[in-house]
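Chains as they are written, first to last, in our numbering: chain Z, 1 to 96; chain G, 97 to 553; chain A, 554 to 710.
One structure below.
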Amino acid sequence: MEIIVLSLILFGIGLFGALTRKNAIAILMAIELMLNAVNLNLAYFSHNLSNISGQVFVLFIIAAAAAEAVIGLAIIINLYREFHKIDVEEITLLKW
Amino acid sequence: MSLFWPEGIVLLTACLVLVGDLFPRRVQPVPIALAGLGLSLLSLLVLRSGGSLAALAHNFYWFDLFSLFFKGLFLGIGLIIVMINIDYFKAQVKKNEGEFYFLFLISLLGLMIVVSSPNLLLIYLGIEIVGQSSYLLAGWQKNLRRSGEAAIKYFLFGAVASAIFLYGVSLFYGLTGSFDLSRLLVSPLLSPLYYAALIFMVLGFGFKIAMAPMQFWCPDVYEGAPIPITAYLSVGPKAAGFAVLLRFITLARADLIWLFALLAAVTMTWGNLVALRQKNIKRLLAYSSIAQAGYILIGLVSPQLGYGVVGFYLLAYALANLGIFAIVIYLSLILQSENIDDYAGFARRSPALAGALALFLFSLIGIPPLAGFVGKFLIFKAAVGSGFLWLALLGVINSVVSVYYYLNILRVIYFKPGDETAINLPAAIALAVMACLIGTIVFGLFPDLAGNFFLKI
Amino acid sequence: MIFYFLAVTLILSAILVVTLKNIFHCALFLIVAILAIAGLYFHLQAPFLGVVQLIIYIGAIMVLILFAIMLTSRISDRLLQTASRQSIPALLAVIVFILLALKSLDKTPLPAHIGKNFDPILDLGRALMTAYVLPFEVVSLLLLVALVGAIALARKD
């Protein structure tokens, strides 16, 4: 039970970071926190239910998170190399 | 094993396209991609006439009419996108052609995986494949600033959305001990946390279909991405998102009807009202696609009708939207502009294309006897049938509002004076427009054609 | 006891990750948070996950993030600083979200702990190679997409 609350708070902190940060890499780190909260939940439920599939899902999420980080950082580095900007608010060419 | 043929062919084609780039004498990716997609579609039709339905790979993969319909839709979309991409790629993007088509084909494969699985793990992996290849494709014009910005915005929004979806999945697992949606048919659970889990998952998918409140990325990404990719994003991932929502409703037995009604109302009204003041054609189509997502969401409030109504609407919408995007690509190639005002005089330069554009716009508005009309009629009828008269009325009011901005495009191309020299049309784009046009008219006049073959309306 | 130590470390370092101004320090605290989660996996009898967490998250993802920070910000430059926006509304929204979730958590009976005997590493390996073999293949596609796409996008033409 404590772990669900812990992961909920962790998810909230990550969501807060993703909403408020301006630097793209900082947002990516906040997203990593959210994914870790999910993983913690799954590992806890897997333990609680004595069911292995939760742990299997965690492995897949970690693999997907690695792929996501690779792609995100490739996009960020390309943007930085061409335009020297990675703050999402300075990227204002496209308006709402 | 033979049931995996369509997916296998797409995978093989993607690998061929990637490897073909490496030879000293380059193998052209376009013919391979077209042949592969066509072959895959053919094998799908053969499997359909075989008529065997099955659950494969430890219930991870379903081979049913539902997934067949969506796979066929995606392959058709893929063929048209490749055709309209040829000339645009040569003129605008130029670089990394092999990798571009590789990612595009893998993305289609991801869509096919998403719609075939009742298991949240495979749905998640499919969504990630689709998402990550589309982030990359949106940023493919490396030297163009708006393309890079589109990629980063799409990526950040998408990553947050998939984290939210996963949080819902984790709660779902805690309550049911399984990731298999079909397990729920046995014992439906209706506790507050279960609803929280479902809402998280629906929000995560709302990103893919550009549903309020997850629609903010849509206009920017549509404007910044290469136009064929915009066309793809507006139909492919959107249809897959709706497919998964349909699976949810039919399998999870959740009483989310009011939620969908509310989301449909907000989404279509917001999309239509903001679309009224757009000057750029890609932004206009972005808001129009948000509004269309709102109409399709109406179809989700009557789950007892099955997927036929929503499937037909998606088909009609995809045909009209792809047709419009084909013409927009052509216009941006000859005019170097995406502003609607620069389209002045187009009707004189190319009466046939202008007429086709008018028909596609009429289909999106929902004017008979085009496919869009049948789609809208079925959806509104379903809403009234399940007691949501107000929602159907709101949908009709919204359609009337949308007439203003759709017809504004026609006003500019028909009645504003502009350059009137005749122009010639690339064969691939002409073929794509023709295919979409035939589909729009034929499915409008004979909706049973689609109905009998794939859908059960 | 060890659980509370890990939990407090995790929450504190996570808060620092999303609030500190210097992005390099944020990354270092993210490593601390990830270490704490690895510890929690061991606590939850999921040793394989703990090891994978250490190898992939710290060994691969965090190294990648640190490299990206080095490449995109000049050290000891103003660019290293990162600001926040709309902090107060976001904070309120997140607190409301957490309270709502706690309330629905409170009202829902969760399945009780089943003390079934299971060997996490053995079962995990078996599951990956039998029931989960299709997702296992599909995730390789995802990694291939990341590989090809990242190289094509990040290289200079």
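Ideal Cβ placement from N, Cα and C applies to all residues, glycine included.
Computed from a predicted structure; not experimentally measured.
Can you tell me where the beta strand (DSSP E) with residue i in it begins and where it stops?
i, result
"Y150 of chain G", "Before going on, a small fix: residue 150 of chain G reads as Ala here, not Tyr. First-last of the beta strand (DSSP E) with A150 of chain G: A150 to L152."
Can the beta-carbon of residue i be found closer than 8 Å to that of residue j?
i, j, result
"V529 of chain G", "I423 of chain G", "yes"
"L28 of chain Z", "A69 of chain Z", "yes"
"L262 of chain G", "V38 of chain Z", "yes"
"M208 of chain G", "K238 of chain G", "no"
"I62 of chain Z", "A680 of chain A", "no"
"F476 of chain G", "A416 of chain G", "no"
"S428 of chain G", "I323 of chain G", "yes"
"G194 of chain G", "G116 of chain G", "yes"
"E86 of chain G", "I377 of chain G", "An answer regarding residue 86 of chain G cannot be provided, because it is not within the stretch 97 to 553 covered by chain G."
"V113 of chain G", "I128 of chain G", "yes"
"E103 of chain G", "L695 of chain A", "no"
"I436 of chain G", "V508 of chain G", "yes"
"A705 of chain A", "N78 of chain Z", "no"
"Y510 of chain G", "I461 of chain G", "no"
"A479 of chain G", "L466 of chain G", "no"
"S7 of chain Z", "N41 of chain Z", "yes"
"A591 of chain A", "S566 of chain A", "no"
"I345 of chain G", "L418 of chain G", "no"
Look up residue i in the DSSP assignment and say whether it is helix, strand or coil.
i, result
"N575 of chain A", "strand"
"N39 of chain Z", "helix"
"D672 of chain A", "coil"
"R122 of chain G", "coil"
"R708 of chain A", "coil"
"V691 of chain A", "helix"
"R59 of chain G", "Outside the shown range of chain G, which is 97 to 553, sits residue 59 of chain G, and nothing can be said about it."
"D276 of chain G", "strand"
"N494 of chain G", "helix"
"V256 of chain G", "helix"
"I628 of chain A", "Only weak support is given to the placement of I628 of chain A: the predicted model assigns it a pLDDT of 48, under 50, and the question is left unresolved by the model."
"N51 of chain Z", "coil"
"L93 of chain Z", "The predicted position of L93 of chain Z is uncertain, since its pLDDT is 41 and thus under 50; a value taken from the coordinates is nonetheless stated next. Reduced to three states, the DSSP call for L93 of chain Z is coil."
"R379 of chain G", "helix"
"N368 of chain G", "helix"
"N181 of chain G", "helix"
"R507 of chain G", "helix"
"N23 of chain Z", "strand"
"N239 of chain G", "coil"
Which two residues bound the contiguous alpha helix (DSSP H) that contains residue i?
i, result
"W158 of chain G", "Element bounds for W158 of chain G: not the alpha helix (DSSP H) but the beta strand (DSSP E), Y157 to F159."
"F476 of chain G", "A467 to G481"
"F200 of chain G", "E193 to S212"
"V397 of chain G", "No alpha helix (DSSP H) contains V397 of chain G, which DSSP labels as neither H nor E."
"T517 of chain G", "No alpha helix (DSSP H) contains T517 of chain G, which DSSP labels as neither H nor E."
"D316 of chain G", "W313 to G320"
"E224 of chain G", "L216 to A234"
"S657 of chain A", "S640 to K660"
"L597 of chain A", "Unbroken run through L597 of chain A: none, as it is neither H nor E."
For residue i, return the contacting residues in chain D, with the cut-off set at a CB-CB distance below 7 Å.
i, result
"F156 of chain G", "Note that chain D does not occur in the displayed structure, where the protein chains are Z, G and A."
For residue i, count the other beta carbons within 10 Å of its own beta carbon; 16 or more makes it buried, fewer makes it exposed. Which is it?
i, result
"H578 of chain A", "exposed"
"T517 of chain G", "exposed"
"V178 of chain G", "buried"
"Y610 of chain A", "buried"
"W313 of chain G", "buried"
"K472 of chain G", "buried"
"S629 of chain A", "Note that S629 of chain A scores 41 on pLDDT, short of 50, meaning its location in the model is unreliable and no value can be drawn from it."
"P464 of chain G", "exposed"
"I683 of chain A", "Here residue 683 of chain A is Thr; the residue named in the question, Ile, does not match the sequence. Flag for T683 of chain A reads exposed."
"L286 of chain G", "exposed"
"L624 of chain A", "exposed"
"Q606 of chain A", "buried"
"N575 of chain A", "exposed"
"R631 of chain A", "Summary for R631 of chain A: the model assigns pLDDT 48, below 50, so the residue's position carries little reliability, and this model does not support an answer."
"A151 of chain G", "exposed"
inquiry  = Within 8 Å, do at least three Cβ pairs link the segment 387-400 of chain G to the segment 481-500 of chain G?
reply    = yes
inquiry  = If contact is defined by three or more beta carbon pairs under 8 Å, each pair taking one atom from either stretch, is the segment 352-360 of chain G in contact with the segment 406-417 of chain G?
reply    = Flag = no, the segment 406-417 of chain G and the segment 352-360 of chain G do not touch.
key: Contact between the segment 6-20 of chain Z and the segment 30-45 of chain Z (3+ Cβ pairs under 8 Å)   = yes
key: Validate contact between the segment 284-303 of chain G and the segment 652-662 of chain A using beta carbons, cut 8 Å, 3 pairs   = Contact between the segment 284-303 of chain G and the segment 652-662 of chain A is present: three or more C-beta pairs spanning the two stretches fall below 8 Å.
query = Below 8 Å, can you find three or more Cβ-Cβ pairs linking the segment 290-304 of chain G to the segment 178-189 of chain G?
reply = no
inquiry  = Three Cβ pairs or more, each shorter than 8 Å: is that satisfied between the segment 156-174 of chain G and the segment 65-85 of chain Z?
reply    = no
inquiry  = If contact is defined by three or more beta carbon pairs under 8 Å, each pair taking one atom from either stretch, is the segment 148-159 of chain G in contact with the segment 201-219 of chain G?
reply    = yes
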